[in-house]
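Quick notes on the structure that follows.
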Amino acid sequence: MVPITKITVCGGGNGAQTLVAIAEGNLGCAVDVYAPFADEAGRLRTGIDAHGGLEAQGAIQARGLPRRISADPGDVIPGSQLVVLIVPAFAHEPILRQIAPFLDERAWVGAIPARGGFDFCAVRILEEHRRDDVGLFGLQTLPWACRIKEYGQVVHVLGVKRTVDAASRPADRIGAITSVLARMLGMHVGTAATLLALTLANTGQLIHPGIMYSLFVRWDGTPLDAAPLFYQGLDEEGARVLAGLSADLQAVRARLAAVLDLASVRPLLDWLLRAYGESIADSSSLRSAFVTNRAYAGLKAPVRQAAPDRCVPDFSARYLAEDVPFGLAVSRSIAALAEVETPTVDRVVAWAGERLGKDYLGRDASLARIPQNYGLTDLEQLLAFAAEER
Ligand code: NAI
Numbered sequence: 007m008v009p010i011t012k013i014t015v016c017g018g019g020n021g022a023q024t025l026v027a028i029a030e031g032n033l034g035c036a037v038d039v040y041a042p043f044a045d046e047a048g049r050l051r052t053g054i055d056a057h058g059g060l061e062a063q064g065a066i067q068a069r070g071l072p073r074r075i076s077a078d079p080g081d082v083i084p085g086s087q088l089v090v091l092i093v094p095a096f097a098h099e100p101i102l103r104q105i106a107p108f109l110d111e112r113a114w115v116g117a118i119p120a121r122g123g124f125d126f127c128a129v130r131i132l133e134e135h136r137r138d139d140v141g142l143f144g145l146q147t148l149p150w151a152c153r154i155k156e157y158g159q160v161v162h163v164l165g166v167k168r169t170v171d172a173a174s175r176p177a178d179r180i181g182a183i184t185s186v187l188a189r190m191l192g193m194h195v196g197t198a199a200t201l202l203a204l205t206l207a208n209t210g211q212l213i214h215p216g217i218m219y220s221l222f223v224r225w226d227g228t229p230l231d232a233a234p235l236f237y238q239g240l241d242e243e244g245a246r247v248l249a250g251l252s253a254d255l256q257a258v259r260a261r262l263a264a265v266l267d268l269a270s271v272r273p274l275l276d277w278l279l280r281a282y283g284e285s286i287a288d289s290s291s292l293r294s295a296f297v298t299n300r301a302y303a304g305l306k307a308p309v310r311q312a313a314p315d316r317c318v319p320d321f322s323a324r325y326l327a328e329d330v331p332f333g334l335a336v337s338r339s340i341a342a343l344a345e346v347e348t349p350t351v352d353r354v355v356a357w358a359g360e361r362l363g364k365d366y367l368g369r370d371a372s373l374a375r376i377p378q379n380y381g382l383t384d385l386e387q388l389l390a391f392a393a394e395e396r
């Protein structure tokens with residue numbers, strides 16, 4: 007890999023601001039920011055000027071001073087060896103389309119986190135621009151739990167994972183990109199064999215819709231006194247739903263094991279212990295691993311205010327609106343191509359779809375990042391795509 011002299015961070019939210027705060031110090035290179043959304047470029051500039059840089063506080067302490075911040079990709083993308091998208095998955099496609107014409111030769115472009123099917127979308131856009139020289143990467147999850155405290159000034163990092171997996175396309179360049187990512191993030195970065203493996207290894211698609219389902223499947227519409235604890239509120243029945251979702255994905259892994267390296271698609275409890283390690287006080291069961299994980303302590307379910315002292319579940323929050331069309335529905339569609347039954351996934355996707363008013367596996371399939379939308383309509387085509395034969 008060529009030496010890194012400049013990277014561009016795309017996005018202006020919690021994760022993007024955390025990366026801006028740490029990347030310059032960790033990589034020792036210039037950091038530019040592409041912030042095309044609303045008035046974010048101006049607000050970021052104002053905040054950073056006022057504070058003399060962007061500061062991370064809490065579990066990470068660092069400060070970064072971006073060189074340029076722009077809503078125009080032509081200002082910041084050229085000259086970047088690495089371009090990192092840290093935005094919700096629904097923003098990947100518009101941003102990739104905006105930056106593609108400005109990418110340097112042999113640049114790397116990736117998403118943190120990748121969520122499901124990032125490669126389907128990115129390969130299509132790069133093909134449209136005839137840019138097969140560009141490398142793609144994805145991370146299995148965001149390495150931090152983080153929230154902006156003061157826009158453009160201070161971001162609070164609540165927790166840091168111990169390790170996170172990355173995948174690349176071409177897959178055989180994984181060593182080069184993981185060493186840069188590990189330096190940039192200041193943490194251990196493991197590897198997944200392919201971006202397809204990373205799609206199936208995405209645990210957010212299990213945890214977020216699975217817990218939403220468990221908390222609210224019996225909700226009768228009566229406003230709540232307070233938002234329930236999201237992770238610590240997990241009961242035995244909820245843990246069984248999560249175990250069922252994980253088992254469905256393990257069935258896909260088992261079915262495809264002979265033709266794809268899916269070692270990175272870990273059972274949920276294994277993943278939790280690997281990602282959080284000592285943050286988990288009691289690892290004896292899936293439920294105890296969730297409710298005794300310090301990194302999850304106090305986090306609440308998403309709600310909307312319904313009256314002065316009352317709230318209702320917010321089904322439009324990311325936990326369903328991102329993690330189903332860019333997560334669970336993608337894995338469900340891969341399972342369908344592999345002819346694997348996924349009863350718990352089906353139940354949760356159907357419930358989430360009702361709550362969102364979307365039928366992601368039927369009428370509204372065009373809104374989900376499923377392989378079938380990218381011309382991958384049978385298992386042979388999917389495997390050929392994963393093997394970079396098309
Ligand atoms: P965020 O909500 O802070 O990011 C929103 C940002 O995305 C906006 O500020 C904007 O810069 C960009 N954006 C949104 N819509 C856009 C559009 N249509 N076009 C262009 N840009 C657009 O999100 P956050 O918290 O930074 O999360 C990023 C990803 O990481 C998401 O996939 C999230 O699910 C995931 N994640 C976040 C965690 C956290 O603690 N913040 C924890 C685990 C995962």
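Going from the sequence shown to our numbering is simple: count from 1 and add 6. By construction, the Cβ of each residue, glycine as well, lies at the ideal position given by its N, Cα and C atoms. Treat the numbers as computed from the prediction; the structure is a model and nothing was measured.
* **For Ser285, the three-state DSSP class (helix, strand or coil)** => helix
* Straight-line Cα distance separating Val351 from Gly333 -> 11 Å
* Cα-Cα separation between Asp320 and Tyr219, rounded to whole angstroms -> 12 Å
* Could you check which residue in Leu230, Gly144, Arg168 has the C-alpha nearest to that of Leu88? => Gly144
* Asked: Gln159 by DSSP, collapsed to three states: which one?
  -> coil
* Starting from the C-beta of Val318, find all residues in its chain whose C-beta is less than 6 Å away, skip the five residues before and the five after it, and write them out in chain order. => Pro229, Arg310, Ala312
* Quick one: does the C-beta of Thr3 sit closer than 7 Å to a heavy atom of the ligand NAI? -> Shown here, the chain extends from 7 to 396; a query on residue 3 therefore has no answer.
* **Nearest residue (CA-CA) to Thr11, options Leu25, Gly21, Phe96, Glu30** => Glu30
* Asked: Apart from the five residues on each side of it in sequence, which residues of its chain come closer than 6 Å, Cβ to Cβ, to His194?
  -> Thr169
* **Leu43: CB within 7 Å of a non-hydrogen atom of the ligand NAI** => Sequence inspection shows Phe at residue 43; the Leu mentioned does not correspond to that position. Because some heavy atom of the ligand NAI lies under 7 Å away, the Cβ of Phe43 counts as near it: yes.
* To do: Give the straight-line distance between the Cα atoms of Gly18 and Ile180, rounded to the nearest whole angstrom.
  => 27 Å
* Length of the line joining the Cα atoms of Gln256 and Pro72 -> 42 Å
* Asked: Quick one: is Glu284 buried, meaning 16 or more other Cβ sit within 10 Å of its Cβ, or exposed?
  -> exposed
* DSSP beta-bridge partners of Leu240 -> According to DSSP, which records beta bridges pairwise, Leu240 is partnered with nothing at all.
* Quick one, are the C-beta atoms of Pro176 and Gly141 less than 8 Å apart? -> yes
* Beta-carbon proximity list for Ala22, same chain, < 6 Å, skipping 5 on both sides -> Val15, Ile92
* To do: Using three-state DSSP, classify Ser337 as helix, strand or coil.
  => helix
* Asked: Between Leu326 and the rest of its own chain, which residues show a CB-CB distance below 7 Å, the 5 nearest in sequence each way excluded?
  -> Pro215, Met218, Ala358, Arg361, Leu362
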